[in-house]
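Here the structure comes first, spelled out in structure tokens, and everything after it is commentary.
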Amino acid sequence: MTERQEQHYVCISCPIGCPLRLVHEGDQIIEVEGQECNRGAKYARQEFTDPRRTFSTTVPITGAVYGRLPVKLSAPVPRQAIPAAMAAIRLLSAEAPVRLGQVLLRDVAGVAGVDVVACRTMDRIMIAPSDDPSSAT
1031 MTERQEQHYV
1041 CISCPIGCPL
1051 RLVHEGDQII
1061 EVEGQECNRG
1071 AKYARQEFTD
1081 PRRTFSTTVP
1091 ITGAVYGRLP
1101 VKLSAPVPRQ
1111 AIPAAMAAIR
1121 LLSAEAPVRL
1131 GQVLLRDVAG
1141 VAGVDVVACR
1151 TMDRIMIAPS
1161 DDPSSAT
């Protein structure tokens, strides 16, 4: 028989931030306590069985007013897939125009259904010939 063990989490499902205590024997969850709303128990169970994370960052973009485009994951990825997702995004770049919600990379880190999407619209800018330093004579 497996010995009972405890895991402690701070719930991030709502602004309260409840301290949670999850009791388990091996992979079997015995109880969850400490939550002040019904999302806390669900969060602790998810965190114990399949912890997932999401993140946002920026990628280089050409032809836009700004040089960086904010992007995010469309859904959380398994925690162990974060380094691979970050490595894939590090190789990513975009060219304007880009629309809010546009998918820049599908199935990031091999996680089906999790895409890298643009967090804002960036229109293409046109450089007037007089503004182009290469046209100086």
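Everything in the sequence shown is counted per this note's numbering, starting at 1031 for the first residue and increasing by one. Even for Gly, the Cβ is constructed at its ideal location relative to N, Cα and C. Every value quoted in this text rests on a predicted model; they were computed, and no experiment measured them.
**OP:** Please report the Cβ distance between ALA1148 and LEU1134, rounded to the nearest whole angstrom; I am assuming they are in contact, meaning their Cβ atoms lie under 8 Å.
**Re:** 6 Å
**OP:** State the DSSP-derived secondary structure class of VAL1095, mapped to helix, strand or coil.
**Re:** When DSSP states are grouped into helix, strand and coil, VAL1095 belongs to the coil group.
Original post:
When the distance is taken between beta carbons, is PRO1100 closer than 8 Å to ARG1150?
Top reply: yes
Original post:
Would DSSP call ARG1075 helix, strand or coil?
Top reply: helix
**OP:** Return the CA-CA distance between LEU1122 and ILE1155, expressed in angstroms with no decimal places.
**Re:** 21 Å
Original post:
By Cβ distance, which residues of its chain are closer than 7 Å to THR1087, with the 5 residues on each side in sequence left out?
Top reply: VAL1101 and ILE1119
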